[in-house]
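Protein chains in written order, with the numbering used here: chain L, 188 to 412; chain C, 2 to 271; chain Y, 186 to 502; chain E, 9 to 425.
Quick reminder that beta carbons are idealized off the backbone N, C-alpha and C, glycines included.
This report concerns only the one structure given below.
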Amino acid sequence: MKRNVPLAITFIVGAVLIFSVFIPPMENWGEDFTLFFDIIAVFAFFLGGGNLLRVHLTKLSRRKQDWPYSIVTIMGFLLMLAAGLFRIGNPGDINASLTEQGSLFQTIYDSVFVPLGSTMYALLAFFVASASYRAFRAKNREATILLVAAFIILLGRTPLGTIVTGWVPESFSILQIPNLAIWIMNSPNLAGQRAIMIGIGLGVVSMSLRLILGIERTYLGGDDK
Amino acid sequence: MKKTTLIIMAGVTVLFLLSWIIKALALEGMQEDYIKKAFLVTFSAFLTLSILSFLYRDNPFYKFAEHLFVGVSAAFWMSMGFWSTIVGNLIPRLSQNLSVFFKVHYIPGDFNFRFYIPVILGLLLLMRLSRNYGWISRWSLAFIVGTTAGLNFIRYLRSDFIKQISATFVPLLVDWQGTGHFFSNLDLSASGQLVMMLANWTIFLGVMSGIIYFFFSKEHTGMFGRASRFGIWVLMITFGASFGYTVMGRISLLVGRITFLFRDWLGFNI
Amino acid sequence: MTSHLMPPLALTLVDIGRILSLAVIAGGLLWLFLRAIKRKEVERRVIFLFIFVSVVAPILFPTVFQEKATPIVKDVFDKIESLPPGSVVLLSYDFDPAMAPEVQPMADAISRHCLVRGLKIIYMCLFATGQGQFTSTLENVIKPEFPDKVNLVDYVNIGYKAGNEGVLNVIITDFKKMFPTDVDGVPYDSIAVFKGIRSCKDLDLVISIGGGKPGIKEWILFVGDPGNVPIASGVAAVVAPLMYPYYPAQMLGMLGGIKGAAEYESELVHHYPQFKNSPTPALLMMGPQTLAHLVIMAFIVIGNILYLLERKKGRKR
Amino acid sequence: MKTIGLFRFLPALTSFSIAFFIIFSPALKAQAPDDSLSTTSPDALAVSIAPPTSLVVFDYKYDDGEALELTWVPSVDDLPVVGKVTGYELYRSDNGGEFYKITELIPGSNNFRDEDLSTGVNYVYYIVALSADARAASVKTEAIQTHREWLNFNLKYLFLIALIISASVIYFIETARRGKKLFVRKIAGLEAVDDAIGQATEMGRSILFIPGINDMDEVQTLAAITILGRVSRVVADYDTKIHMPVSRSLVMTAARETIKASYMAAGRPDAYSDDMVHYVTDEQFGYVAAVDAIMVREKPATIFLLGSFFAESLILAETGNSVGAIQIAGTARPAQLPFFIAACDFTLIGEELFAASAYLSGEPKQLGSLKGQDVGKALAMLVILIAVILATISEIRPLETVRYVLDFLIQVFTIKT
């Protein structure tokens, strides 16, 4: 029950979905199953929310390090839940959009969620610089190739490339940095991406087979209760 | 708490209030709810700066912003999931009464009962919370893993494997009008024959050697090793190029945030 | 523009700002270079500070560069040029506010182009948070610049549905099944834009604007390939290189990163001079880009000098 | 072990389906109806514009019997610039009933796919060209029914290639099971796993495992979970601390099962605690903010970044680097590979991520599947080589046979429906 039923479910579902692609009357099954996944995922949201609350309540009650911040998390969570799930502060009817302008939900979204998310994302500008400072060093042949390719593209993506090599005559125009940058993107970059993709395609196919056949079953855990 | 921490905290509070007041005065007469709007802009700016302060080092402002973000976003996705998937897609297919209650269009259908499957699996998943019957959630997991494996098998095979193979069917000679023509028109212009041929050669050899690099069942020695080494170089160009290309996008993100701080908060005309 | 009419010494405040900030950055880099020769590593935070300054300065003191469209961008532009008026284009906002600075200019420029060409636009999004981004296009582009364009007739917003690629899997055969109404609850059948449109296969062009998952790749996998639908995209720079394998067979063109957007904006202004006064955020953003790129390249050079010196020293021992 | 027997019948199922293919394909072809054609004579209704002509309706191939395809030649007055035609209306009658309008089309259209039909109903169509003041109808088509096809022959090559690769993977798994030794080359990042965990143990610091930010519907997440199985086994043996914040609660469920099983297997079930894995938030950057904080505050000695990553890859890897952790990364999202290569100590590139779990397990069956993948690679290289040679030859001299073979290869490897 604990192990064989799940393995059988995986096998049947996986095999049916593979064959459904080739059988027109079953065409829509894949579509249905994706929808099923989304519905299950909503239940998972609730499981996750419950876990989040538990983690922070435990932290709070045991006065673990930084426990006052757990209050912030819990308050934020409950406030957003009230605004979102229970539509408190939403002037519209029950079928009004959740993201109605002026609703509490949208306000929190605009002035808390968005600035936090975008700034976190914007940190990348700094990290990309510090990573290139550290990583692009001519340590060996591979690293040097990496460095040179990156440098050419960096130059080529700005007006600088044109300024530096704009004088190169038309019959040698591939040596103009912007053209060279495009050529690198279109040829070696494309070749490398494609080789990686072919590998990934096969990797996914083989991994899926191992899962469907029940050879790979770590995710199910052991035979215990 | 240390004395300096307290002083910084107090300073930030004063600045926050000052910004609120000044912003409110600036907005007065231009917008309704100007006090609320001024607060929201100030608060957004405060959160933005709190996150940026992490670059210096971990600090209480970052901790505050981080914890707030976690709480708010978890509830955000819960709400979105509930209203768009459960109310938007599930209820219209399962229950006419609930559809009426939530004021959504009921979609009748012969096989709608199949939508009980995910509901049951979702409930089984929640059995996780029980100590003794937690194992039953594996059934839902197994269903999801089966779906993932089944759907991705064909998709990746088609788009990442088969289609990528046919995309590599490139001729190694382009616009070929004889050797004489080739040598008499030899140049290095970006749209010239030689450069285009070079591109096709690179794609062909690059893909082949790249695949060789990923070969698992043969030791990378001899000719094979040399090919695989060439493959690594191609991959390195790919990674370098992608990295260089990406820098631009990352800078744009920062531009967006800085614009917010200077224009929306500080009121610069940019 | 008018600076050459003024006496040579009369600098504007902006000019002074430009010169000052360049001087600060150049001086700082020189200092770091000298430190590097003495073999001192640079701390992360110093790099962070430099990036910050080189992004802020050009925003406060803007400089605009001219751009010329590269073929992959031109292909998108030409495709839209070639569609007869009345054709239906689907614009999918597959991004969130965090990604917006980079891709929103594309969405705005493409919307502008489609509307001026008399094409009909269906707006949708695969990111829940994409809806707010459409509002931005609506308020900043459609309403002020095209006051005569009518919702439901010239464009329609069908909004977001959960399900990622699942959504695409449905609309490749049937729009109505996934989107029975638009965002305002107007039933599918009474939306004029959808006249003659049952599924994605009936669309003349699909453009996905985004940079994550679900995004352009899902559009190609689930709509473009199975339905033979022409697909173009505007993507964040990070995803652009990965999409080259799909070009041009599976994806007809692409705007890559803010540079792609800037190229498109230039091209649009070039063909339609009436947009000369419309905002061109992407072109403006090229200033900070250029300076930040310069600084990063300078750092790479300094880092390598440091590394080579270290290695030399290591060998001597 | 008994369960494996249950799955033996996959090869049987596959061979059954081949047989099905071979036996029934002629029959199915015979079943296909004659396309009902009807050409049009000049129409009496035409006043000032010409009607559309040659309206043809035929069954849409390889569907569940729910679509018909119509094509026609647009009215000769339908011209791009000066054309008088303002659009078309398409009419249909079901089982001899009244004709009613099913759709309106823009000028210039010449085909339409009528979907959501049912089998066993007779459909008749005609099309009307519209101008500002006139209508011109084509003649009616003959009655036609939709047909349900049971196999999609447009996809026969996809099926064949899937079969070849699956068969070779299964073949090598079986070979390995029978005890044949299979060689698999070393994968650099994986050799380092044990050392990295050992080092964390010595330093008395924890291990951070980040399984990407996608849910269980992503194969990479599954690969990460299977690698976790192996990592947590070593962790349980060494008695190191492992910490795993996740952004999806389904992943949390699977990861807990996995780690628990490892502790069981190591004979230390009491050392396991559910707190090792906890959910943070589904929001990408909210998750990143929290994980960054964990890195800075806990200073883990080893960080695993395996799975499907997006923009957060570099934020996480750089923060991890700044706290001095050994980082082992792996993803099959090519966009993020450059950042991992730049900021981490070891990186599993694309396919290596999927191979990793098989490699780490050391089980012959799993290693066999890697061999099967290599057959796919060899096939890809062979086909590319042949096609490139053929394409080059036909560039120099257009030979008919060469072109024919090349076109066939292109047809096989560009699957279009």
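Burial state of residue i (16 or more Cβ within 10 Å)
i: Ile236/Y; result: buried
i: Val252/Y; result: Sequence check: residue 252/Y is Glu here, not Val. Glu252/Y is buried by the Cβ-count criterion.
i: Arg341/E; result: buried
i: Thr266/E; result: buried
i: Pro356/L; result: exposed
i: Gly123/C; result: buried
i: Ser131/C; result: exposed
i: Gly408/L; result: buried
i: Pro192/Y; result: Confidence at Pro192/Y is low in this model, with a pLDDT of 46, below 50, so the placement of that residue is unreliable and no value is reported for it.
i: Trp216/L; result: buried
i: Met31/C; result: exposed
i: Asp225/L; result: buried
i: Lys305/Y; result: buried
i: Ile201/Y; result: exposed
Distance between residue j and residue i (C-alpha atoms, nearest Å)
i: Ala378/L; j: Ile213/C; result: 13 Å
i: Leu98/E; j: Lys109/E; result: 6 Å
i: Gly380/E; j: Phe261/C; result: 54 Å
i: Thr6/C; j: Asn277/L; result: 39 Å
i: Gly338/E; j: Pro286/Y; result: 29 Å
i: Met197/C; j: Val396/E; result: 15 Å
i: Gln419/E; j: Ala170/E; result: 16 Å
i: Arg249/L; j: Ile327/Y; result: 55 Å
i: Pro372/E; j: Phe217/C; result: 14 Å
i: Asp263/Y; j: Val301/Y; result: 14 Å
i: Ser185/C; j: Phe250/Y; result: 39 Å
i: Arg94/C; j: Phe233/Y; result: 53 Å
i: Leu195/C; j: Asn373/L; result: 15 Å
i: Phe362/E; j: Ala388/E; result: 19 Å
i: Asn118/E; j: Pro59/E; result: 12 Å
i: Arg397/L; j: Glu403/L; result: 5 Å
i: Asn462/Y; j: Ser267/Y; result: 25 Å
Other residues of its chain near residue i: CB distance less than 7 Å, five sequence neighbours each side excluded
i: Thr111/E; result: Leu98, Phe120
i: Asp223/E; result: Thr229, Arg256, Leu258, Val259
i: Ala204/E; result: Thr310, Ile334, Ile336
i: Gly268/C; result: Ala27
i: Tyr271/E; result: Ala244, Pro277, Ala279, Tyr280
i: Ile361/L; result: Leu367, Trp370
i: Val93/E; result: Ile57, Ser83, Asp85, Asp86, Pro115, Ala137, Leu138, Ser139
i: Tyr254/L; result: Residue identity check: residue 254/L is Trp in the sequence provided, not Tyr. Excluding residues within five positions, the ones whose Cβ falls inside 7 Å are Lys246, Leu247.
6 Å CB neighbourhood of residue i in its chain, flanking five on each side removed
i: Ile356/Y; result: Met363, Cys385
i: Ala208/E; result: Ile215, Thr248, Ala309, Thr310
i: Lys37/E; result: Low local confidence applies: a pLDDT of 40 at Lys37/E is under 50, so the model's placement there is unreliable, with the coordinate-based value given in what follows. Closer than 6 Å at Cβ, skipping near neighbours: no residue.
Neighbourhood of residue i by C-beta, 8 Å cutoff - its chain only, sequence neighbours within 5 removed
i: Ala200/E; result: Ile334, Ile336, Asp353, Phe354
i: Gly386/L; result: none
i: Gly401/L; result: Leu194, Thr197, Phe198
i: Val378/Y; result: Val273, Lys305, Ile306, Ile307, Leu337, Val338, Asp339, Tyr340, Val341
Supposed contact pair residue j and residue i - C-beta distance, whole angstroms, cut 8 Å
i: Tyr308/Y; j: Asn354/Y; result: About 20 Å separates the two Cβ atoms, so there is no contact after all.
i: Val352/Y; j: Leu388/Y; result: That belief does not hold up - the Cβ atoms of Val352/Y and Leu388/Y are roughly 15 Å apart, past 8 Å.
i: Ile221/E; j: Gln292/E; result: 6 Å
- Query: Does the count of Cβ pairs from the region 199-209 of chain C and the region 166-177 of chain C closer than 8 Å reach three?
  - Reply: The region 199-209 of chain C, when compared against the region 166-177 of chain C, does touch it at the 8 Å Cβ threshold.
- Query: Contact between the region 217-235 of chain C and the region 318-327 of chain L: three or more CB pairs below 8 Å?
  - Reply: By the Cβ rule, the region 217-235 of chain C does not count as touching the region 318-327 of chain L, because fewer than three pairs are nearer than 8 Å.
- Query: Quick check: the region 441-456 of chain Y against the region 216-227 of chain Y, are there 3 or more CB pairs under 8 Å?
  - Reply: No, the region 441-456 of chain Y is not in contact with the region 216-227 of chain Y.
- Message: Contact between the region 412-428 of chain Y and the region 391-401 of chain Y is defined here as three or more beta-carbon pairs at a separation below 8 Å; is this criterion met?
- Response: Touching, yes.
- Query: Between the region 127-134 of chain E and the region 105-123 of chain C, do at least 3 Cβ pairs fall closer than 8 Å?
  - Reply: Short answer: they don't touch.
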